[in-house]
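According to the numbering used here, the sequence shown is numbered sequentially starting from 119. Heads up, the beta-carbon is just placed ideally off N, CA and C, and yes, glycines get one too. Worksheet for the structure shown next.
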Amino acid sequence: MKWLADMHRTSPDLASLRMGVKQLWCLFHPDAIRELMVSHRADLRRWEPSLCIMRQWNGSSFMMKEGEAARRQRQTVRPHIQSPAVPEIQRIARHWSARIVPGQVVDLDLEMAAYSVTLAGHALFDIDLGPNAVTIAKAVRILSRVALLESSTGLPLGHWFPSKMCPRKRWALRVMRAQIDQVAQESQRPLAMHRDDLATLLMASHQATGATLAWAQLLLARHPEVLAALRTELATIDWSGVNQLQDLHRAPLLRAVIQETLRLYPPAYALVPRQLSRAMTVSGTPLRRGDIVMISSWITHRDARWFPEPEAFRPERFLEAPTWPQGAYFPFGVGDRACPGTGMAMMDLAVSLAYWIEHWDMTIVGPVTPQGWFSLRPKNARVRLEPRMRADREPNETPRRQGIDGGAI
């Protein structure tokens, strides 16, 4: 991410560099991003070396299709991407809370990743993944690290590569295939999608919902005044009347906290590079056929021209009408390849975040830094969790069972 930030500093709208025999363009300005990804979308193909890496775990899923085939398969998948009902999300969160020992130091990133995989298991399979959720979360964490390493070399890691990540990669791929096969057999619901699509959606829940839940709680722990205001707002919410995303207008600060978290820490901090199938002009700059274009939400989201005090956590900027141009904010992608599960993710995030901050107090144990694997995750997210002392808590609600071992793999 540093090299992108350095390029943006010297060329804030558009920058280029040679990448072997190819020309790489980095688009930072919102107008250029919209022009490329919307107006010229028919003339873009995702860069084949990146797709080669992604196919290892996405197989033939909707994420890997291009053109009309991608549109058709995404239309098939979209109706089945539905968040569980609010009471079900709260029940899952309550059950997951029971794993945590009060005062225990946990890896918040792994906790929230496994919890989010559990939510996806209920939504996609109508099944409780149980301890399998932790196994899947650990496998996806490894694949995310591998993806970064492979992207930097442009080649998938094979037996020939002298890296300790090779056996871990093989283990993670084997685990993902086995887990999908197992839950498909145990599910009481007929599979409405190809297994590769289901695997992709499970991984997406880990990468997007899990990481964002972790980042949001870390940010709130660092900003107690925002946390206090949010808890005050949540005390007035009757969740029985919240059935769809539009109902979250009753909790404007909750929604703003999530949107600001996604601005600062977008899960897909850099979109898959695109290669041009024909020459074109973008924002007055001529681009040649075969050139490669890169777009980073991490960089554009932190541009002071669109977001004053860009490094600051200021949810209030989302409480008013947007002052930034279209193309300046795209945490779930942009154009016809934007994430089809955005609505499900936002609903899961809202109900889950509300539950966690209403029931738990959190102390950050060590310095947390962003880690740019395949998705943007918090490194060293070790926190101590204590149940909140609330008047409406029943004595037997206090969690007692053991949590996840947050050790690195």
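Report the residue from the options whose alpha carbon sits nearest the alpha carbon of residue i.
| i | options | result |
| --- | --- | --- |
| residue 256 | 294, 223, 265 | 294 |
| residue 213 | 248, 423, 188, 182 | 248 |
| residue 435 | 202, 351, 138, 344 | 344 |
| residue 428 | 459, 461, 457, 378 | 378 |
| residue 403 | 145, 224, 229, 505 | 145 |
| residue 176 | 440, 291, 132, 142 | 291 |
| residue 475 | 339, 418, 437 | 339 |
| residue 487 | 173, 337, 282 | 337 |
| residue 250 | 301, 351, 492 | 301 |
| residue 464 | 353, 322, 438 | 322 |
| residue 236 | 246, 227, 228 | 246 |
| residue 438 | 312, 187, 289, 367 | 367 |
| residue 334 | 396, 297, 383 | 383 |
| residue 356 | 346, 472, 499 | 472 |
Can you tell me whether residue i is buried or exposed? The criterion is at least 16 other CB atoms within 10 Å of its CB, across all chains shown.
| i | result |
| --- | --- |
| residue 170 | exposed |
| residue 179 | buried |
| residue 242 | buried |
| residue 135 | exposed |
| residue 359 | exposed |
| residue 120 | exposed |
| residue 277 | Note that residue 277 scores 49 on pLDDT, short of 50, meaning its location in the model is unreliable and no value can be drawn from it. |
| residue 265 | buried |
| residue 324 | buried |
| residue 385 | buried |
| residue 221 | exposed |
| residue 137 | exposed |
| residue 184 | exposed |
| residue 408 | exposed |
| residue 224 | buried |
| residue 244 | exposed |
| residue 150 | buried |
| residue 426 | exposed |
| residue 530 | The requested residue 530 does not occur in the structure, where the chain is confined to residues 119 to 527. |
Using a Cβ-Cβ cutoff of less than 6 angstroms, which residues in the same chain neighbour residue i once the five nearest sequence positions on both sides are dropped?
| i | result |
| --- | --- |
| residue 469 | 204, 207 |
| residue 389 | 413 |
| residue 125 | 133, 144 |
| residue 181 | 318 |
| residue 230 | 328, 331, 332 |
| residue 448 | 415 |
| residue 530 | Here the chain covers residues 119 to 527 and nothing more, so residue 530 does not appear. |
Leaving aside the five residues before and after residue i along the sequence, list all residues of the same chain whose C-beta is less than 8 angstroms from its C-beta, in chain order.
| i | result |
| --- | --- |
| residue 165 | 390, 391, 392, 393, 410 |
| residue 200 | 241, 462 |
| residue 479 | 503, 504, 505, 506 |
| residue 421 | 126, 130, 146, 428, 446 |
| residue 387 | 119, 414, 415, 416, 490, 493, 494 |
| residue 396 | 161, 407 |
| residue 148 | 418, 424, 442, 443, 444, 445, 446 |
Could you compute how far the alpha carbon of residue i sits from the alpha carbon of residue j?
| i | j | result |
| --- | --- | --- |
| residue 424 | residue 401 | 18 angstroms |
| residue 127 | residue 432 | 23 angstroms |
| residue 451 | residue 501 | 30 angstroms |
| residue 130 | residue 268 | 28 angstroms |
| residue 370 | residue 363 | 12 angstroms |
| residue 430 | residue 419 | 12 angstroms |
| residue 303 | residue 315 | 16 angstroms |
| residue 495 | residue 122 | 18 angstroms |
| residue 261 | residue 286 | 9 angstroms |
| residue 373 | residue 381 | 12 angstroms |
| residue 238 | residue 259 | 16 angstroms |
| residue 210 | residue 493 | 25 angstroms |
| residue 215 | residue 484 | 22 angstroms |
| residue 283 | residue 299 | 24 angstroms |
| residue 454 | residue 288 | 33 angstroms |
| residue 351 | residue 440 | 22 angstroms |
| residue 442 | residue 348 | 25 angstroms |
| residue 456 | residue 190 | 14 angstroms |
| residue 342 | residue 354 | 19 angstroms |
| residue 155 | residue 346 | 40 angstroms |
| residue 218 | residue 163 | 45 angstroms |
| residue 227 | residue 482 | 12 angstroms |
Are the C-beta of residue i and some C-beta of chain C separated by less than 8 angstroms?
| i | result |
| --- | --- |
| residue 499 | Considering every chain present, this structure includes no chain C. It has just one protein chain. |
Does the ligand FAD have a heavy atom nearer than 7 angstroms to the CB of residue i?
| i | result |
| --- | --- |
| residue 134 | Because no ligand of any kind appears in the structure shown, any question about the ligand FAD cannot be addressed here. |
Within its chain, find whatever has a CB closer than 7 angstroms to the CB of residue i; leave out the 5 residues flanking it on each side and keep chain order.
| i | result |
| --- | --- |
| residue 398 | 158, 161, 405 |
| residue 467 | 327, 330, 331, 376 |
| residue 365 | 359 |
| residue 458 | 192, 195, 196, 199 |
| residue 313 | 298, 302 |
| residue 477 | 215, 505, 506 |
3-residue-minimum beta strand (DSSP E) runs that sit fully inside the segment 223-272, ordered along the chain: Restricted to the segment 223-272, the beta strand (DSSP E) segments that are unbroken, complete and at least 3 residues in length are 223-225, listed in chain order.
Where in the segment 285-341 do unbroken runs of the alpha helix (DSSP H), each at least 4 residues long, occur, reported from the N-terminal end onward? Segments of the alpha helix (DSSP H) lying fully in the segment 285-341: 313-322, 329-340.
Within the segment 452-497, ranges of the beta strand (DSSP E) (whole runs, at least 3 residues): With a minimum length of 3 residues, the continuous beta strand (DSSP E) runs that stay inside the segment 452-497 are 478-482, 487-490, 494-497.
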